[in-house]
Structures are given as structure tokens and as C-alpha cells.
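Asks:
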Amino acid sequence: KKILFVATKKQAKDIVSDYAKKVNMPYITERWLGGILTNMSIIRQSVKKMNVIDRQKIDGTYNMMSKKEKLLIDRLKNKLKKNIGSISKMNSLPACVIIVDVKKEKIAVKECINLCIPIIGIVDTNCDPRNIDYPIPANDDSSKSIHLIISYLTNSILTN
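Take the sequence shown: its letter number 36 is residue 886 in the numbering used here, and every next letter is one higher.
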């Protein structure tokens, strides 16, 4: 089953993306788009748009376009790839969501609660751990603590 990693903090972006790629799991490091989990069909449409652009580049349709059209298409593809590129292969809802900062990602927490998706969250002293299924008390601002926790979680994913 898939586990979704969520970390949009500057300190955690690279760490989470590296470890999520290592275990071949989807991750979100840019911005949580509201409704990613609740409106999965809309996300699927954006993924299809990305695939159409890729097909156009392969079959030569892209080369027949004007410079302005190419520029607009490239911008759209880069935006889609940045926001939903890593979750493009996620066909269904994740079995679990790992969130680095539950206070900053409150929209993600609400969506997971509404969809009854278990949450593993790094909970700092400024957060309320009651809504998190598996809270991990740690400093969510320290890259060393994020690295330690995410590495431990990904190693447990690899062993199972």
C-alpha cells in the first residue's frame, strides 16, 4: 500500500523527497493543494493533462506549435510537475499519511480526518496531538530530527 509523505517546510523538503523516492512512495513538498485527497478525480485530470503534453512532445505535435504556445505549455507542465508530479502514480487513497509539521499542514490533517486516513505526525510543543493517530513528539523545525525520524520510518517501510 502507498504511504503519502507531506512536508512543505524548507528544512524538510529535500529530506522527505529523498527518502520518499528511496522507498518509491508519493510525496508532497511544494504546497498542499486543498482537496488533493477528497477530490482525487480532479487531480487525475491534471495528471492526464501532464501525460497529454508528454505525448505531444513524443509524436511531434509539440514541434508544430508556435513559440508562444510552446512557452505556455512548458509553463503549465512545469507547474503541474512541481505541484502534483510525485503523486501522479498514486491511483487510490493512501493507506497512511506522514506529516512533518501538523500545525502548518492543518488542511492535510483535516482531509485525512474526514477520509479516516491514519496520520503519523511529527508534533512539536506548539501543536495539538489529539487529532493525530500516531503522534511523534519532536522538534519539527530541526532538520536533524526530521532526518532521524523520516529515515527511521522509511527503514521500517523497507523492512515490511
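Don't be surprised by glycine CBs; every beta carbon is placed ideally from N, CA and C. Since the structure is predicted, the reported quantities are computational estimates derived from the model, not experimental observations.
1) Thinking C-alpha only, which one of Ile1007, Ser993, Asp974 and Val902 is nearest Glu955?
2) Would you please state the rounded distance, in angstroms, between the beta carbons of Leu1008 and Val873? I believe it to be under 8 angstroms.
3) Round the Cβ separation of Cys962 and Leu887 to the nearest angstrom and send it over; I've been treating them as touching at under 8 angstroms.
4) For a minimum of 4 consecutive residues, which ranges assigned as the alpha helix (DSSP H) are wholly contained in the stretch 865-931?
5) Taking only three categories from DSSP, how would you classify Val856?
6) Taking buried to mean at least 16 other C-beta atoms within 10 Å of its own C-beta, is Met914 buried or exposed?
7) Under the DSSP definition of a beta bridge, which residues are partnered with Cys946?
8) Between Ser936 and Ser891, is the Cβ-Cβ spacing less than 9 angstroms?
9) Considering only residues of the same chain and omitting the five flanking positions on each side of Pro968, which have a CB-CB separation below 8 angstroms?
10) If we call anything under 9 angstroms between Cβ atoms a contact, is Asn928 one with Val952?
11) For Asp978, count neighbouring Cβ atoms within 10 angstroms of its own Cβ and tell me buried if that reaches 16, exposed if not.
12) Among Ile1000, Leu1003 and Ser993, which residue has its Cα nearest to the Cα of Lys860?
13) Taking the Cβ atom as the reference point for each residue, do Ala988 and Ile878 lie within a distance shorter than 9 angstroms?
14) Under 9 angstroms, do Ile893 and Ile853 count as touching if we go by C-beta distance?
Replies: According to the structure data:
1) For the purposes of this step, residue 955 is taken as the residue at position 105 of the sequence shown. Relative to the Cα of Glu955, the nearest Cα in the group Ile1007, Ser993, Asp974 and Val902 belongs to Asp974.
2) Working through the sequence shown from its first residue, we reach residue 1008 at position 158. Working through the sequence shown from its first residue, we reach residue 873 at position 23. Contact check for Leu1008 and Val873: beta-carbon distance about 6 angstroms, within the 8 angstroms limit, so the pair qualifies.
3) The residue given as residue 962 occupies position 112 in the sequence shown. The residue given as residue 887 occupies position 37 in the sequence shown. The Cβ separation is near 7 angstroms, so the contact holds.
4) With a minimum length of 4 residues, the continuous alpha helix (DSSP H) runs that stay inside the stretch 865-931 are 890-909.
5) Position 6 of the sequence shown, counted from the first residue, corresponds to residue 856. Reduced to three states, the DSSP call for Val856 is strand.
6) Walking along the sequence shown from the start, residue 914 turns up at place 64. With fewer than 16 other Cβ atoms within 10 Å, it is exposed.
7) By one-based count along the sequence shown, residue 946 stands at place 96. DSSP lists Ile853 as partners of Cys946.
8) As a working mapping, residue 936 is identified with position 86 in the sequence shown. As a working mapping, residue 891 is identified with position 41 in the sequence shown. It is not a contact, given that the beta carbons lie outside the stated cut-off.
9) Looking up residue 968 in the sequence shown gives position 118. Closer than 8 angstroms at Cβ, skipping near neighbours: Ala945, Cys946, Val947, Cys962, Asp983 and Tyr984.
10) As a first step, residue 928 must be located in the sequence shown, where it is residue number 78. As a first step, residue 952 must be located in the sequence shown, where it is residue number 102. Contact: no.
11) Sequence index remark: in the sequence shown, residue 978 carries index 128 (1-based). That one is exposed.
12) The sequence position of residue 860 within the sequence shown is 10, counting from 1. Out of Ile1000, Leu1003 and Ser993, Ser993 has the C-alpha closest to the C-alpha of Lys860.
13) By 1-based counting over the sequence shown, the position of residue 988 is 138. By 1-based counting over the sequence shown, the position of residue 878 is 28. No, the Cβ-Cβ distance between Ala988 and Ile878 is not below 9 angstroms.
14) Reading the sequence shown from its first residue, position 43 is the one you call residue 893. Reading the sequence shown from its first residue, position 3 is the one you call residue 853. No. Outside cutoff.
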